[in-house]
Amino acid sequence: MTDPFDLAQQAADRIAELTGVATHDVALVLGSGWGPAAEALGTPRIEIPTTDIPGFHASAVAGHAGSVASVEVGGRNVLLFRGRTHLYEGHGAAAVAHPVRAAAAAGCSTVVLTNGCGGLRPEWKPGTPVLISDHINLTAATALEGPTFVDVTDLYSTRLRAMCRELDPTLDEGVYVQFPGPQYETPAEIRMVAAIGGDLVGMSTTIEAVAARHVGLEILGLSLVTNHAAGMTGEPLDHSEVLDAGRAAATRMGELLARIVPGL
Ligand SMILES: O=P(O)(O)O[C@@H]1C[C@H](O)[C@@H](CO)O1
Ligand SMILES: Nc1nc2[nH]cnc2c(=O)[nH]1
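Once you know that position 171 of the sequence shown is 171 in full-length UniProt numbering, the rest is easy, because the numbers rise by one and skip nothing.
This is the structure in structure tokens:
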């Protein structure tokens, strides 16, 4: 079994070789619904299928393209991950964390983790972006092994959140709760999330964030509320609704990313 950090270095070396960029500065992981927003960042130098990079898995989820692009945004070399590997795909937590580990090995100092998620606040209509202030990981999984005692206070950088709110004072903040998935939540589970202080529910992000902290990345988490959480509207949940909400919000999300990324 290859050491996960050796595999991350192999991936970083391949990314440098294929992009012609020795060092990238910012990694941007695009979650469900965020794909169309990336257009606002400009035309990538190159787009690489993840299957051409060591340790990456092919995309398994609609709306996750399964490619890595290198794009220059405001003088920053951005590594754009169009899609991610989810814990529910069954490849394990190390596979979930691999992209952020590869990004750190490629020279990045900051990672922006985006996702599509359910919102618990009635005022958060589908299409509402929310800064992640903290998380609750209900998967019981982590990519860290052994006595790797990592501090995870201020995991979602207060500094970067303040910068984002300067750029867009309308941005709310919330606590993101990761469920294992792939099923959505029951109404009873959403009532539990409210009781434990959660505001957003998803199936990604928290394992990546902890792995990113471990390799020294500063982290910004951005959720796109694609639907009201289960039980709030009486309507069933559906992934196509998640992607529709992303397409509808693409212009606003793209403008937000285009303003945030150059300052990272
Ligand atoms: O990659 P993210 O967390 O944005 O994807 C969300 C969670 C599930 O994978 C999927 C469910 O619709 O969207
Ligand atoms: N767990 C979870 N993930 C989502 N992704 C998009 N919407 C949701 C949701 O309501 N719950």
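Note that CB positions come from ideal geometry on N, CA and C, so glycine has one too.
Remember, predicted model here, so these are calculated numbers, not experimental data.
(Q) So the candidates are VAL68, LEU30 and HIS57; which of them puts its Cα closest to the Cα of ILE48? (A) For the purposes of this step, residue 48 is taken as the residue at position 48 of the sequence shown. Looking at the Cα atoms, VAL68 is the closest of the given residues.
Q. Is it buried or exposed for GLY118, if we count other Cβ within 10 angstroms and need 16 for buried?
A. What you label residue 118 is simply residue 118 of the sequence shown in a count that begins at 1. That one is buried.
Q. Since ALA250 and PRO36 are thought to touch, with beta carbons under 8 Å apart, how far apart are those beta carbons, to the nearest angstrom?
A. Along the sequence shown, read from residue 1 onward, the residue named residue 250 stands at position 250. Along the sequence shown, read from residue 1 onward, the residue named residue 36 stands at position 36. So it is a contact: roughly 4 Å between Cβ atoms.
Q: Could you tell me whether the segment 41-59 touches the segment 125-137, where touching means 3 or more Cβ pairs closer than 8 Å?
A: no
Q: State the start and end residues of the unbroken alpha helix (DSSP H) segment that holds GLN9.
A: Taking the first residue of the sequence shown as position 1, residue 9 is located at position 9. From DSSP, the alpha helix (DSSP H) with GLN9 extends over 4-19.
Q: Give the DSSP bridge partners of PRO49, in chain order.
A: The residue you call residue 49 lines up with position 49 of the sequence shown. Answer is SER67.
Q.
Need the endpoints of the alpha helix (DSSP H) that CYS164 sits in, please.
A. The residue given as residue 164 occupies position 164 in the sequence shown. That run of the alpha helix (DSSP H) goes 158-167.
Q. Candidates VAL177, TYR184, VAL111 and PHE149: which alpha carbon is nearest PRO262's?
A. As a working mapping, residue 262 is identified with position 262 in the sequence shown. For the residues VAL177, TYR184, VAL111 and PHE149, the minimum Cα distance to PRO262 belongs to VAL111.
Q: Helix, strand or coil for ILE241, going by three-state DSSP, please let me know.
A: Looking up residue 241 in the sequence shown gives position 241. The sequence shown places Glu at residue 241, rather than the Ile named in the question. In the structure shown, GLU241 sits in a helix (DSSP, three-state: H, G or I).
Q. Comparing alpha-carbon positions, which option in SER59, GLU208 and TYR184 lies nearest ALA141?
A. What you label residue 141 is simply residue 141 of the sequence shown in a count that begins at 1. Answer by Cα proximity: GLU208.
Q | Span separating the alpha-carbon of GLN183 from that of VAL61 | A | Working through the sequence shown from its first residue, we reach residue 183 at position 183. Working through the sequence shown from its first residue, we reach residue 61 at position 61. Distance between the alpha carbons of GLN183 and VAL61: 13 Å.
**Q.** Cβ contact check for the segment 219-235 and the segment 189-199: 3 or more pairs under 8 Å
**A.** yes
Q | Assigned secondary structure, GLU218 (DSSP; H/G/I helix, E/B strand, else coil) | A | On the sequence shown, position 218 is the one that residue 218 refers to. Note: GLU218 maps to strand in three-state DSSP.
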